[in-house]
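Have a look at the structure below, then the notes.
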Amino acid sequence: MSFPLLTATAVLPAVGAILTAAVPAARRTAAKWLALLFSLATLVLAAVVFIRFEPGGDRYQLTESHAWIPDFGVRYELGVDGIAVALIALTALLIPFIILAGWHDADPLETKSSRWRPTQGFFALILMVEAMVILSFEATDVFLFYIFFEAMLIPMYFLIGGFGDRAHAGTDAAAATQRSYAAVKFLLYNLAGGLIMLAAVVGLYVVAGSFSLAEIAEARASGELEMATNTERLLFLGFFFAFAVKAPLWPLHTWLPNAMGEATAPVAVLITAVVDKVGTFAMLRFCLQLFPEASKWATPVIIVLALVSIIYGALLAVGQRDIKRLIAYASISHFGFIVLGIFAMTSQGQSGATLYMVNHGISTAALMLVAGFLITRRGSRLIADYGGVQKVAPVLAGTFLVGSLATLSLPGLAPFVSEFLVLVGAFAAYPVAGVVATVGIVLAALYTLVLYQRTMTGPVRSEVRAMPDLKARELVVVAPLIALLLLLGVFPKPLTDVVNPAVKHTMSDVRKTDPTPEIEAEAAK
């Protein structure tokens, strides 16, 4: 029996979470180092998964399959394709930086309310989220996926509601109410999507007699399983609704700005750079593979929703006064690009969407974590409370600038490659959608450059005159992310080699081929 590498990659952070939570209350520093150690060990295993994956091999590799609940046809089935491998690598890469960035975010606060921030619980919850996200990427049994898709909401709820932004100091009653509101809104939106998905999961089992993704897809491809048109469409809508909430896609997005605004910066990164990627990943793995005809039927409406997300998110980002909410609305716009790439149904669009998930995770992590360091120093999230920071903290300002430029997809930085591919794929299939999406690029330049100008340039405000520059721990967090943005911006081949074969399989599932360029079509005549 071969070593269960996929299980180990997910179980290791879960074990780390349990051990971290068990550290005595007085040993806070030991808990932090233990959590960091387990996150680094998970990163090593994720690297092994990436290296062992063969792009030209079987669609799902490193597979594991064991009986779990045989009376209900539920199996413990794991397997990864190129898309899952890339996102597991992203998740395992970001968690150590999230832990380092939040090193002091859960320390006890000496305040009038004597509110205790349980350090061990904070880092244990982060590791538990990591375990559940990785298992979601690995699961090839639909019911197994559903369990972890929903279960990750619980630790995220406590991370949002129990550990507030340092700008509020966690003591003010109004701030506590806002955190509770954001956490409950996050939970209710996602639970509603999950309950609708559960009905669709049960319906799928009634129709297909199995929860196994491979078995259902094979039966559909061979003609042994034929779904009635209305049945397939209803099941598709049940799955897609849950994934659109998680993504988040307009108009199901409203929980995200509240959650990111009230959470600490590392937890905000965990939300948008890690957890939300499960939604867009699941659109590729489950919606397109299980319900190909319904996916094509719904494509025009979904593309419209994606375009609204792109423009709406960008416009609201332009008008924000809160740094973290601005980044949240920018993320809504970026998720619109990802969904557009997925449902353009072209190989360039889907490859670009997958790369976008990875690159958005890195660029948003870089920008949000630097913004978190900035907010911690000043004690305010309001853009108007800053000015002239680049004169007193040039390294902080420089890293903030690179993160901002990555957010607007500047050529030479990683997000440019993915956004370019998404637009190429969109133009090839839906030229009007491609034109509308380009407006989002212009708006991105506006909100990112205005944010930098108002916070970093101009006269030095008296409140920031004594602001310290980035410290060693903070540089360890930010420098590798910026290096990755530069590396993948000029050399994305390691990712595209892994992702492209998986995209070909997905294109085959929906029986779509790339449109023939007009020049070639004319030549063929």
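For the sequence shown, position 370 matches number 362 in the working numbering, and the numbering has no gaps at all.
For every residue, glycine included, the Cβ atom is placed at its ideal position computed from N, Cα and C.
Assuming contact is defined by CB atoms lying nearer than 8 Å, are residue i and residue j in contact in what I supplied?
i: L413; j: S323; result: no
i: V310; j: A78; result: no
i: V502; j: S287; result: yes
i: F228; j: C279; result: yes
i: M252; j: A265; result: no
i: T291; j: M219; result: no
i: P460; j: A385; result: yes
i: L487; j: L402; result: no
i: M148; j: V125; result: no
i: T449; j: L400; result: no
i: L332; j: L282; result: no
i: A23; j: A123; result: no
i: A175; j: G153; result: yes
i: L70; j: T132; result: yes
i: E142; j: A2; result: no
i: I315; j: A363; result: yes
i: F45; j: V491; result: no
i: T256; j: F155; result: yes
i: V409; j: G481; result: yes
i: A209; j: F115; result: no
i: P507; j: A420; result: yes
i: V15; j: Q112; result: yes
i: K383; j: V452; result: yes
Can you tell which of the options has the C-alpha that lies nearest to the C-alpha of residue i?
i: P240; options: V468, F327 and I139; result: F327
i: F273; options: A236, A257 and I474; result: A236
i: D63; options: Y197, G113, I302 and G48; result: Y197
i: F137; options: D489, S128, M144 and A143; result: S128
i: L276; options: A494, P5, A9 and L37; result: A494
i: W247; options: L227, A320 and A458; result: A320
i: L405; options: L473, R465 and I303; result: L473
i: Y379; options: V456, H245 and L262; result: According to the sequence provided, residue 379 is Gly. The question's Tyr does not apply to it. The candidate whose alpha carbon is nearest that of G379 is V456.
i: P258; options: L397, F365, A184 and T391; result: F365
i: M360; options: A336, G154, L299 and V469; result: V469
i: Y52; options: A418, G333, N250 and E207; result: E207
i: A520; options: V7, V267 and A398; result: The structure shown does not extend to residue 520, since the chain is modelled only from -7 to 517, so the question has no answer here.
i: V194; options: F135, A358 and M144; result: F135
i: F329; options: A429, F178, R225 and A17; result: A429
i: A191; options: R212, A213, T223 and G215; result: T223
i: L443; options: T1, E466, V381 and V176; result: V381
i: L226; options: E46, P284 and L179; result: P284
i: F(-5); options: A27, Q445, V41 and I10; result: V41
i: P249; options: T505, R44 and S325; result: S325
i: Y181; options: D314, G156 and I146; result: I146
i: L244; options: F178, E466, E46 and S214; result: F178
i: V66; options: W25, L37, R313 and I139; result: I139
i: W25; options: G417, I91 and I75; result: I91
i: L477; options: H352, G271 and T498; result: H352
i: Y68; options: I10, G94, A76 and T(-1); result: T(-1)
i: M500; options: S339, L217 and L467; result: Position check: residue 500 holds Ser in this sequence, whereas Met was assumed. If we check each option's Cα against that of S500, S339 comes out closest.
i: W242; options: A17, E216, L297 and W95; result: L297
i: L518; options: E216, L262 and S396; result: There is no way to answer for residue 518, as the model of the chain reaches only from -7 to 517.
Who pairs with residue i in a beta bridge, going by DSSP?
i: R67; result: A59
i: S204; result: D133
i: G156; result: A255
i: Q382; result: DSSP lists no partner for Q382.
i: V266; result: Bridge partners of V266: none, in fact.
i: L82; result: Its beta-bridge partners do not exist; DSSP assigns none.
i: V194; result: In DSSP, V194 forms no bridge with anything.
i: Q53; result: V72
i: L374; result: D314
Over what stretch of residues does the alpha helix (DSSP H) that includes residue i continue unbroken?
i: T238; result: Sequence check: residue 238 is Lys here, not Thr. It spans T221 to K238 - the alpha helix (DSSP H) in which K238 sits, taken as one unbroken run.
i: D489; result: K485 to D501
i: Y444; result: P423 to M448
i: R317; result: I315 to F335
i: W289; result: P284 to V310
i: W25; result: R20 to R44
i: H352; result: S339 to R370
i: T470; result: Note that residue 470 is Val in the sequence shown, not Thr. Its alpha helix (DSSP H) spans residues A464 to V482.
i: A2; result: L(-3) to A14
Does any heavy atom of the ligand FAD sit closer than 7 Å to the C-beta of residue i?
i: H326; result: Ligands are entirely absent from the displayed structure, and the ligand FAD is therefore not among its contents.
Below 8 Å, can you find three or more Cβ-Cβ pairs linking the stretch 194 to 203 to the stretch 167 to 182? no
For the stretch 368 to 376 and the stretch 420 to 429, state whether three or more C-beta atom pairs, one from each stretch, are separated by less than 8 Å. no
Under 8 Å, with one C-beta from each stretch per pair, do the stretch 87 to 95 and the stretch 51 to 71 reach the 3-pair mark? no
Decide yes or no for the touch test of the stretch 117 to 124 against the stretch 18 to 35: beta carbon pairs closer than 8 Å, at least 3 of them. yes
Could you tell me whether the stretch 293 to 307 touches the stretch 434 to 451, where touching means 3 or more Cβ pairs closer than 8 Å? yes
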